[in-house]
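Trainee: Protein chains in written order, with UniProt numbering: chain E, 1 to 271; chain H, 1 to 495. For each residue, glycine too, the CB sits at the ideal point set by N, CA and C. Provided herewith is a single structure, encoded as structure tokens, for subsequent inquiry.
Next comes the structure, spelled out in structure tokens:
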């Protein structure tokens, strides 16, 4: 296993662990205001300090991880659940009108700047975590559709697919039984990358006030709240900023590491 | 030819020297930042505070005017006589006053302005100010007689509002984009989305102001406001949007911080017609669930005075009723149980953009959660707030600062957005309006304050502070805000 993979897995599990633990334990109640204790720098009682309402930042970061992961996970889930079948269908019916419709539809979604459309969606249907998930999810669909189709197309030329066809299997069955398992590696790697992008998108939407609404903690909103206070309480911005960096870096390293590890060519070379 | 050229050269030199001299003496231009840009520049047809901030006393003047300390002094009316029964006001106008377009300001203009405000189809945002006017008559070019339906002790105060300024029929058509008034400054330029520039009016009837030009710059983002001030891009920030940054300005010798009071009663507005807030016990529970000091400290970083009713604490008639709704969550829970909501209920909390609302709302939501009320926070922009909360009345709770001066009268309007409908209060306001005796008025105002406080109409939070930040050399800024205004005539540089 590569160093990337180990480091990425470690950082990602750290964040995941924080999110899971937050369901049963946080050092303080993340929503409890304690105004007299506001704006404390990191200290032994409050490891990450307190925010402008005296809330414990460490607890907020833990629960915020939950928000980020939930939004990104569901968004990637939407992207995979809709994008992969679309991609498989397009590849199976290569060159047909169906292929055209699917891929031009994808181009259409791709053509829009994703964050701007996400803002549009949340502005029209109301700000909130659910709409943020949908907005981010929609933009994951073409990513997965495209990558699936690309990989599937080359597979369709291979002899083992020809063998399957000769044995009388239909296109749908071949896609499910032979194509999908062979593109799964790619999808996992891409899923990790999209996951980190999802976390960034959630932070971005929350930053402009369109993501998870208070009192649900969110890293992006913590950053936005910190804006006017950076000059005298830098930890308010540094800590959620670092949390985002650690998570995204971890996921990207993990994605890279997984790609190397799962790539059959490299695997062969290794063996 | 040579001679002439020499002369013009000499005069240019002299001009340059004199310019240099005045500049060495004192700066004569100023850049003042405000958070909101006015939608247009007609103070007589919109409620937007930003309009008054730019034009009040600078471009437009009324018969009377507010001073920085809140007192009402003669404006375009030099003097007035009030008939013994208090219904006929005879105003003597100042002689030699001209509008910026050169036309003279006379009794006809006053009649035009007041008739326009009282007209059936009037677009005035504060029609109640003029509701008592029966007729406006021109006696001679410099005398106007206003007859009221009944005595109104507030009439001279009402005429000082920005909504009561004198406009001219000749220039009314384009008033929104090219305001023509009688003030010490003329409108020069408006770069939409950026700034408005005013120039000194050389034909002003009163004393010439120290400033030659003034630029109002619009900076809505608190972070950008801080950066602009620190970089000295602006000389004054009229009402600084981020109270958390004030200690830094105070510690910096380049700046002065002016903390004063405004007429803004910041309240947790409650939809009195919506279940369960139609029950006074529920509203009382809300009142006791709120810890005002925590809101002032948490949302405003300590700036603000707690209030227990809808009245400004700096007003002599103010009654301190904060004890009536003291923070007592246990009592609040008991009241909720008595009202039939032992487990609380769910409602919405609409929050407009200012930090007093956004931050105050998070604190209030947490405090309400303590007694079992789940208030869903909905952040809205001002346009949305006006549409759905103020006009549509689709809200449970909202936080807003009511910045009009002496606006307790809004509680007598059952159709007003919080929909308080009390015949007792309406009768009290009628008595008040027809009372001119100052002591009696004070007593009635006290009674009115008590009535809305014991009916727990809204959650009364705090009086909004005016947080002015300016460069150290700027003098004459209003510390308090008796009305929305940035009085340029009083401002000068001390250098």
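Distance, Cα to Cα, residue 209 of chain E vs residue 202 of chain E?
Mentor: 10 Å
Trainee: For the stretch 132 to 154 of chain E, which residues have a beta carbon sitting closer than 9 Å to at least one beta carbon of chain H?
Mentor: Taking 9 Å as the Cβ-Cβ cut-off against chain H, none of the residues of the stretch 132 to 154 of chain E qualify.
Trainee: Count the other CB atoms, across all protein chains shown, that sit within 10 Å of the CB of residue 398 of chain H; report buried if there are 16 or more and exposed otherwise.
Mentor: buried
Trainee: May I ask which residues mark the beginning and end of the alpha helix (DSSP H) holding residue 222 of chain H?
Mentor: Per DSSP, residue 222 of chain H belongs to the alpha helix (DSSP H) from 222 to 230.
Trainee: Buried or exposed for residue 245 of chain E, going by 16 or more other Cβ atoms inside 10 Å?
Mentor: exposed
Trainee: Going along chain H, which residues have a C-beta under 8 Å from residue 37 of chain E?
Mentor: Going along chain H, no residue has its Cβ under 8 Å from residue 37 of chain E, so there is no contact; the nearest lies around 11 Å.
Trainee: Could you pull the start and end residues of the alpha helix (DSSP H) that residue 288 of chain H belongs to?
Mentor: 280 to 289 is the extent of the alpha helix (DSSP H) around residue 288 of chain H.
Trainee: For residue 58 of chain H, count neighbouring C-beta atoms within 10 Å of its own C-beta (all shown protein chains included) and say buried if the count is 16 or more, exposed if not.
Mentor: buried
Trainee: With a cut-off of 8 Å, does the C-beta of residue 254 of chain E fall near any C-beta of chain H?
Mentor: no
Trainee: Closer than 8 Å between beta carbons: that is the criterion. Which residues of the stretch 208 to 237 of chain H meet it against chain E?
Mentor: 222, 223, 226
Trainee: Below 8 Å on the Cβ atoms is my guess for residue 472 of chain H versus residue 255 of chain H; work out the distance and round it to an integer in Å.
Mentor: 6 Å
Trainee: Just to confirm the assignment, what range does the alpha helix (DSSP H) spanning residue 246 of chain E have?
Mentor: 235 to 262
Trainee: Report the three-state DSSP secondary structure of residue 197 of chain E (helix, strand or coil).
Mentor: helix
Trainee: Answer with yes or no whether the minimum CB distance from residue 244 of chain H to chain E is below 8 Å.
Mentor: yes
Trainee: Once DSSP output is grouped into helix, strand and coil, what is the label at residue 36 of chain E?
Mentor: helix
Trainee: Got a sec, what are the start and stop residues for the alpha helix (DSSP H) residue 145 of chain H sits in?
Mentor: Segment 143 to 148 is the beta strand (DSSP E) holding residue 145 of chain H; no alpha helix (DSSP H) there.
Trainee: Secondary structure at residue 350 of chain H, three-state DSSP: helix, strand or coil?
Mentor: strand
Trainee: Note down, in chain order, each residue of its chain lying with its Cβ closer than 6 Å to the Cβ of residue 182 of chain E, except the 5 sequence neighbours on either side.
Mentor: 155
Trainee: When you compare the CB of residue 297 of chain H with every CB in chain E, is at least one pair closer than 8 Å?
Mentor: yes
Trainee: Within 8 Å (strictly less), CB to CB, does residue 108 of chain H reach chain E?
Mentor: no
Trainee: When Cβ atoms are compared, which residues of the stretch 366 to 389 of chain H fall closer than 7 Å to chain E?
Mentor: Answer set for the stretch 366 to 389 of chain H: 366, 377, 379.
Trainee: Excluding five sequence neighbours on each side, which residues of the same chain lie with their C-beta closer than 7 Å to the C-beta of residue 186 of chain E?
Mentor: 147, 151
Trainee: Since residue 205 of chain H contacts residue 96 of chain H with CB under 8 Å, what's their CB separation in whole angstroms?
Mentor: 6 Å
Trainee: Taking residue 329 of chain H as part of the alpha helix (DSSP H), name the residues at either end of that continuous run.
Mentor: 329 to 338
Trainee: Excluding the 5 residues preceding and the 5 following residue 118 of chain H in the sequence, name in chain order all residues of the same chain whose CB lies nearer than 7 Å to its CB.
Mentor: 130, 133
Trainee: Can you list the residues of chain H that residue 232 of chain E reaches, using a CB-CB cut of under 9 Å?
Mentor: 244, 245, 247, 248
Trainee: Mind checking who residue 198 of chain H pairs with in its DSSP beta bridge?
Mentor: Its beta-bridge partners are H:187, H:214.
Trainee: When the cut-off is 8 Å and only beta carbons count, does residue 87 of chain E lie next to chain H?
Mentor: no
Trainee: What's the call for residue 6 of chain E, buried or exposed, on a 16-neighbour Cβ count within 10 Å?
Mentor: exposed
Trainee: At 4 residues or longer, and completely inside the stretch 166 to 194 of chain E: list those alpha helix (DSSP H) runs for me, N to C.
Mentor: 171 to 174
Trainee: I'd like to know whether the C-beta of residue 294 of chain H is nearer than 8 Å to at least one C-beta of chain E.
Mentor: yes
Trainee: Could you tell me which chain H residues have their CB closer than 9 Å to the CB of residue 64 of chain E, listed as they occur along the chain?
Mentor: The contacting residues do not exist; residue 64 of chain E stays about 15 Å from chain H at best.
Trainee: When we look at the beta-carbon of residue 427 of chain H and count the other beta-carbons within 10 Å, is it buried (16 or more) or exposed?
Mentor: exposed
Trainee: Report yes if the C-beta distance between residue 112 of chain E and residue 248 of chain H is below 8 Å; otherwise report no.
Mentor: no
Trainee: Could you name the residues of chain H that residue 26 of chain E contacts, counting a contact when the two beta carbons are closer than 7 Å?
Mentor: The premise fails here: residue 26 of chain E is roughly 16 Å from chain H at the closest Cβ pair, so nothing lies under 7 Å.
Trainee: Hey, how far is the Cα of residue 373 of chain H from the Cα of residue 218 of chain H?
Mentor: One alpha carbon belongs to residue 373 of chain H, the other to residue 218 of chain H, and they sit about 38 Å apart.
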